[in-house]
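Our numbering applies: residue 10 is where the sequence shown begins, and numbers increase by one. Cβ atoms here follow ideal geometry from the backbone N, Cα and C, with glycine treated the same way.
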Amino acid sequence: MSQKNLEAKSSARERLQAQREKEKARARRGRQAIVAGSVVAVLAVAGGVAVWASAMGGDDTTDAKMAVPKAVADGDKPAVTVGAVNAPSTLTVWEDFRCPACQQFETGFRSVIHELEDSGRMKTEYHLATIIDGNMGGKGSLNAANAALCAQDTGKFRDFHDVLYSNQPPEPQDKFADKKHLIQLAGKVKGLVTDNFTRCVNEGTYDGFVQKSNSAFATSGYRGTPTVLLDGKDLAKAKGGRFTPADLKKAVQGTGKGKKSGTGSAPAS
């Protein structure tokens, strides 16, 4: 075969390989864009703008004998409550530990949320979802949520919740699927890593609870994470979607004006 023919064949192989790579990239983008009704809303976050956009995964089934963490709401919409149970305002958060927009929200609003929780002016109800697992494959959303619920058993949900978001890997890198990695991260929370916690993480004790929560999200009518509601009002629709931490503080103070701060905190940290 002549040199010219060899070069032509090589060039054809390269073009074919390039085309295949383009098709793979297009398929990946397609999987990430699949939503049961897409949502794109903006939220001003600590000087930046977070895009709330994610996709819903498949339906999950729940074991009728599922284990339930301590001091959580196990109803149609399972939730972990952080803050005073009788606080005058309630922040409802649907989120996924693998979701980058959730990380942006948590990073931008964390200090104000903690301040309002600790003062008894607001409680936060966290509903955990696994839509990134459904979109991109893997088990990081599920395993991280289970680990956070294991932390709830010792009243350290909030602390570990914050550690997970502070150490969230890039979305395609499913590091939270590695239970050893989750336990290493738990070492950042004083007193959290015990034999019981480690066993809970490794055995996926609360996987069923997480799956039930995700199923509740799938039928909730909400289309993306984070979905954040203040006293039932969707903050993605407030102020044109540009709702800041300062706005949250002002709204809670306004709602609770003249009302006593809550007491009787749920286990948080």
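Identify, in the order they occur along the chain, each residue of the same chain with its Cβ nearer than 6 Å to the Cβ of threonine 236, setting aside the five sequence neighbours on each side.
Trp103
DSSP bridge partner residues for aspartate 243 (one or two, in chain order):
Leu238
Considering only their Cβ atoms, is the gap separating valine 219 from leucine 158 smaller than 9 Å?
In this structure, the beta-carbon distance from leucine 158 to valine 219 falls below 9 Å.
Go ahead and label glutamate 212 buried or exposed: buried means 16 or more other beta carbons lie within 10 angstroms of its beta carbon, across all protein chains shown.
By the neighbour-count rule (16 or more Cβ atoms within 10 Å), glutamate 212 is not buried but exposed.
Thinking C-alpha only, which one of Gly149, Glu134 and Thr207 is nearest glutamine 193?
Thr207
Opening and closing residue of the alpha helix (DSSP H) in which serine 224 lies
216–227
CB-CB length for alanine 154 against alanine 195, believed under 8 Å
About 14 Å separates the two Cβ atoms, so there is no contact after all.
Span of the beta strand (DSSP E) holding leucine 137?
131–137
With a threshold of 8 Å, are at least 3 pairs of Cβ atoms found where one atom belongs to the region 243–255 and the other to the region 125–135?
no
What's the C-alpha gap between lysine 248 and lysine 242?
12 Å
What residues in its chain sit with their C-beta under 6 Å from that of serine 222, if we drop five residues either side in the sequence?
Pro87, His136 and Leu137
Which residues does DSSP list as the beta-bridge partners of serine 98?
Met131
DSSP beta-bridge partners of glutamate 104
Beta-bridge annotation (DSSP): glutamate 104 is paired with Leu137.
I need the DSSP call for valine 172, collapsed to helix, strand or coil.
helix
Tell me the DSSP bridge mates of valine 81?
Val89
Proximity winner among Pro109, Ala96, Thr90 and Phe166, relative to threonine 234 (alpha-carbon distances):
Pro109
Three-state secondary structure (DSSP) at serine 63?
Confidence in serine 63 is poor, its pLDDT being 47 and thus under 50, which makes the residue's placement unreliable; the coordinate value appears in the next sentence. Reduced to three states, the DSSP call for serine 63 is coil.
Have a look at Ala260, Thr214 and Asn152 and flag the residue whose alpha-carbon is nearest the alpha-carbon of leucine 244.
Ala260
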